[in-house]
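Chemist:
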Amino acid sequence: MRCSIFYIFVDKESARYDMTTGIALTNIRFSYGKNDVIKNVDLEIGNTEIVSLVGPNGAGKTTLLKLIGGLLKPSHGEVYVMGQQIGEISPRSRARIVSTVPQNPRLPQNVKLSEFVMLGRNAHLSLTQWESDEDIQVVYEALDVTDTLKIKERQLGKISGGELQRGMLALALAQNSPVMLFDEPTSNLDLSHQSKMMNLIANSHESRLGPTVIGIHDLTLAARYSSRMILVSEGKVFADGTPEEVLTPANIKEAYGAEVAIIPHPEGGSPVVLPVFNSYPKTK
Amino acid sequence: MTDQTSHTRLNHEKSRKFPWLRLSVGILGAIVCCLVAASVGSVGINPTSTVLIALSRVPIIDVSQTWPESWDTILWKLRFPRVILALIVGASLSVSGATFQGLFRNPLADPYLIGVASGASLGATVVFLTGIPFSYGGISILPIASFTGALIAVSIAYGIAVRSTSTRLTTLILAGVAIGSFSTAIASLLMLKSDPDLRVVLSWIMGGFIKAQWSHSLFLIPYLLPGFIITFAYSRILNTMQLDEEYASSLGVNIERTKKILILVATMMTAAVVSFSGLIGFVGLVAPHVVRLIWHSDFRTLIPMAAIVGGCFLVIADLIARTVLSPGEIPVGIVTALCGAPFFIYLLIRNRQDTT
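If you read the protein sequences in the order shown, they are chains C and B.
Counting from 1 along the first sequence, just add 285 to a position and that's the residue number in the numbering used here.
Counting from 1 along the second sequence, just add 114 to a position and that's the residue number in the numbering used here.
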């Protein structure tokens, strides 16, 4: 427990984490008031995995991501990320281990994109430190990689949803943490921006040692970009495995209550989920 | 590519450098503002003499006396202490206003609006009317009482806002207004219940610098200087706090600690100045916004520049207050309200246009 007044000005704590471990959740429970949102989840994610977290609305995807990101503390059980109990360490140490790209955060409209991305460096600066040339370089590269360099002087209120989503990815990249979590990174995007976004996430995963966890609704997109899928339903892990193992009509019927057909993608063969319109009269 | 790289870097470097130029221009402007304000009054003193009189007390500089002795007395005994006190009070109210605006992510937060100042004034009124000695063992009780009142007021307002299910910020303002009225009501009740001479407390409540002395400014500095330094140190964190609370937390901001420290510091600054100058509204609201309109919303520029703009604003407001009905005076709070209230309405209208 640190509460020394000196920490207001001095924070020499360096990032200490174990690069050989990934994410480990043991017997996690979490509730908002009397609602149990997460019920006894055990999960291990290796440090090179790119994992999709899927499931119906209200299944607990966002809560699970926040628990892994240390933004919520479990009411029972332990969450270890890179060997650290993530809910118990200081926000700054935590931010150097995990970055979270939230879903639809409320953002100040009049801040320039470059200034916004610079906020990702916060965890690397002590209270009285200002951004150095090195920080500027990191931000510049993050903007470059996410193809937002051209719009860096624009205000957040004046850029499109796709650009904003890429800006938030740039901020997470500038944060330079081994673990990256995404909550619905494609939900507000059109078709071309969806695949652009997912490509950027996949590229960032390749260039980094550490797990990536993506909470996502689009099962087909999730299957195409992740090596492992975790299907969450009613606060529990319902199915866990490769996209082919998880995306079966039976699993989806059980978790979502929807009839689907699954076919292999013409390019690459990853599963494609198609709704079956039972009530619709068949014409041919 | 290299061209673009250097261009990018230049732009960033511009925005993160310490605002030396703006700051020096601002300080120069503040000095000019103070000298002009000191020159004007029932006895007009020409600005050149004011400068010379000011310089004559600077140790190394030797200025031969070419002005009547009375001018020296007027400036050094009456006007300089008054102008400097107004400057310090304006700067403090503006810095705490900017801090509250940043912390609560609400452009309309102001120490006066969220009940801090009214709480402070209630605390001071209690001391005035219950016969508690103003100082005890060399320590002045007045600022401590103000601080206690202010802290209770802001804690209640904040506590209500945190527990509300609707937007916290609206609740904060509304709770602040309610607590402000409540404190004012209790203060009025206390005044009616007690029979001693009410003129002291009444003139104090109206707000102003009529009785300004050098000792007031000297007394305030130990409260205000640490406040300025801590707030400025936190200005980069305040930039991060403009995001969602959870987002800022995920970027490594210790939200609860930052809030506690900054609320304490801003409340302390407000309470300290309220205990000397009474209730002066709208300064903390107007100055940060003027800075945002002219310069930048980066808190590293905002905090120091708001201090300068707010200080000058109150110096000019006080100048108007003591000259417009000369030889009489009007409370400076009336002047700031006359300028501030329309500005507040303008901000409300502009905010509505932004959200639609």
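Cβ coordinates follow ideal geometry from the N, Cα and C atoms, glycine included.
Just so we're clear, the structure is a prediction, and the values are computed from it rather than from any experiment.
Smallest Cα separation from Phe-296 of chain B: which of B:Asn-368, B:Ala-231 and B:Asp-358?
Modeler: B:Ala-231
Chemist: Closer than 6 Å by C-beta to Phe-291 of chain C: which residues in its own chain qualify, once you throw out the five before and the five after it? Chain order, please.
Modeler: Only weak support exists for where Phe-291 of chain C lies, its pLDDT of 40 falling under 50; the coordinates are left without a value.
Chemist: For Glu-360 of chain B, would you say it is in contact with chain C, using Cβ-to-Cβ distances shorter than 7 Å as the test?
Modeler: yes
Chemist: Report yes if the CB atom of Phe-398 of chain C is closer than 7 Å to the CB atom of Arg-439 of chain C, and no otherwise.
Modeler: The sequence as given places Leu at residue 398 of chain C; Phe does not occur at that position. The answer is yes: Cβ separation under 7 Å.
Chemist: Taking three-plus beta-carbon pairs below 8 Å as touching, is the region 363–371 of chain B in contact with the region 388–398 of chain B?
Modeler: no
Chemist: Could you tell me the boundaries of the alpha helix (DSSP H) in which Ile-330 of chain B lies?
Modeler: Position check: residue 330 of chain B holds His in this sequence, whereas Ile was assumed. Per DSSP, His-330 of chain B belongs to the alpha helix (DSSP H) from 328–347.
Chemist: What did DSSP end up calling Arg-439 of chain C once you bin it into helix, strand or coil?
Modeler: coil
Chemist: Is there contact between the region 402–411 of chain C and the region 453–460 of chain C, where contact requires at least three CB pairs shorter than 8 Å?
Modeler: With the cut-off at 8 Å, the region 402–411 of chain C and the region 453–460 of chain C touch.
Chemist: Between Gly-383 of chain C and Ile-371 of chain C, how many whole angstroms is the CB-CB distance? I'm expecting something under 8 Å.
Modeler: The sequence given here places Val at residue 383 of chain C; Gly does not occur at that position. Contact between Val-383 of chain C and Ile-371 of chain C is confirmed by a C-beta separation of about 7 Å, below the 8 Å threshold.
Chemist: Indicate the three-state DSSP secondary structure (helix, strand or coil) for Ser-518 of chain C in the structure shown.
Modeler: strand
Chemist: Using the beta-carbon of each residue, which ones in chain C are nearer than 8 Å to Ile-351 of chain B?
Modeler: Asn-407 and Leu-412
Chemist: What residues in the region 344–357 of chain C have a beta carbon less than 7 Å from any beta carbon of chain B?
Modeler: Gly-354 and Leu-356
Chemist: By the criterion of Cβ-Cβ separation under 7 Å, what are the contact partners of Gln-395 of chain C in chain B?
Modeler: Gln is not the amino acid found at residue 395 of chain C; the sequence shown has Asn there. Ordered by position in chain B, the residues that pass the 7 Å Cβ test against Asn-395 of chain C are Ser-411.
Chemist: Return the Cβ separation of Cys-453 of chain B and Ala-144 of chain B in integer angstroms, given the expectation that the two are a contact with Cβ distance under 8 Å.
Modeler: With a Cβ gap of about 18 Å, Cys-453 of chain B and Ala-144 of chain B do not count as contacting.
Chemist: Only counting runs of 4 or more residues, tell me where the alpha helix (DSSP H) segments fall wholly within the region 358–404 of chain B, in order along the chain.
Modeler: Those alpha helix (DSSP H) runs which fall completely within the region 358–404 of chain B and span 4+ residues are 359–364 and 369–391.
Chemist: Just verifying my parser: in three-state terms, what is the DSSP assignment at Asn-378 of chain C?
Modeler: Here residue 378 of chain C turns out to be Ser, not Asn, going by the sequence shown. DSSP places Ser-378 of chain C in helix when its eight states are reduced to three.
Chemist: Look up Val-165 of chain B in the DSSP assignment and say whether it is helix, strand or coil.
Modeler: helix
Chemist: Hey, Gly-322 of chain C and Gly-345 of chain C are a contact pair by Cβ (cut 8 Å); roughly how many whole angstroms apart?
Modeler: The residue you asked about is not Gly; residue 322 of chain C is Val in the sequence shown. Taking the Cβ atoms as the reference, Val-322 of chain C lies roughly 5 Å from Gly-345 of chain C, within the contact range of under 8 Å.
Chemist: Determine which residues of the region 496–510 of chain C have a Cβ less than 7 Å from any Cβ of chain B, and write them out in chain order.
Modeler: For the region 496–510 of chain C, which is checked against every Cβ of chain B, not one residue is closer than 7 Å.
Chemist: Helix or strand or just coil, what does DSSP make of Pro-470 of chain C?
Modeler: coil
Chemist: Any C-beta of chain C sitting closer than 7 Å to the C-beta of Asn-220 of chain B?
Modeler: no
Chemist: Please state if the CB of Gly-233 of chain B and the CB of Ala-212 of chain B are separated by a distance shorter than 7 Å.
Modeler: Inclusion of Ala-212 of chain B and Gly-233 of chain B in the CB contact set at 7 Å is not warranted, their separation being larger than that value.
Chemist: DSSP three-state call for His-410 of chain B: helix, strand or coil?
Modeler: coil
Chemist: Have a look at Gly-229 of chain B and Ile-293 of chain B and give me their C-alpha separation to the nearest angstrom.
Modeler: Distance between the alpha carbons of Gly-229 of chain B and Ile-293 of chain B is about 6 Å.
Chemist: I'd like to know whether the C-beta atoms of Val-423 of chain B and Val-197 of chain B end up nearer to each other than 7 Å.
Modeler: The criterion of a C-beta distance shorter than 7 Å is not satisfied by Val-423 of chain B and Val-197 of chain B.
Chemist: Go ahead and label Tyr-460 of chain B buried or exposed: buried means 16 or more other beta carbons lie within 10 angstroms of its beta carbon, across all protein chains shown.
Modeler: exposed
Chemist: With a cut-off of 7 Å, does the C-beta of Thr-354 of chain B fall near any C-beta of chain C?
Modeler: At least one chain C Cβ lies under 7 Å of Thr-354 of chain B.
Chemist: Looking only at its own chain, which residues have a Cβ that is under 7 Å from the Cβ of Phe-294 of chain C, when we skip the five neighbours before and after it?
Modeler: Because the pLDDT at Phe-294 of chain C is just 40, under 50, the model does not fix this residue reliably, and the value given afterwards should be weighed accordingly. For Phe-294 of chain C, where only same-chain residues beyond five positions count, the Cβ hits under 7 Å are Leu-412 and Thr-413.
Chemist: At 4 residues or longer, and completely inside the region 180–206 of chain B: list those alpha helix (DSSP H) runs for me, N to C.
Modeler: 183–187
Chemist: Here's the rule: buried if 16 or more other CB atoms are within 10 angstroms of the residue's CB, otherwise exposed. What is Asp-473 of chain B?
Modeler: Look at the range of chain B in this structure, 115 to 470, and you will see that residue 473 of chain B is not part of it.
Chemist: Quick one: grab the DSSP three-state call for Ile-444 of chain B.
Modeler: coil
Chemist: For the region 362–374 of chain B, list every residue whose C-beta sits within 9 Å of some C-beta in chain C, in sequence order.
Modeler: Ala-362, Ser-363, Ser-364, Leu-365, Gly-366, Val-367, Asn-368, Ile-369 and Arg-371
Chemist: For the region 478–494 of chain C, enumerate the residues whose C-beta is nearer than 8 Å to any C-beta of chain B, in chain order.
Modeler: none
Chemist: Report the rounded CA-to-CA distance for Ser-489 of chain C versus Ile-335 of chain C, giving the unit in angstroms.
Modeler: 11 Å
Chemist: Based on DSSP bridge pairs, tell me the residues matched to Thr-311 of chain C.
Modeler: C:Glu-363
Chemist: With a threshold of 7 Å between beta-carbons, can Ala-347 of chain B be considered close to chain C, or not?
Modeler: yes
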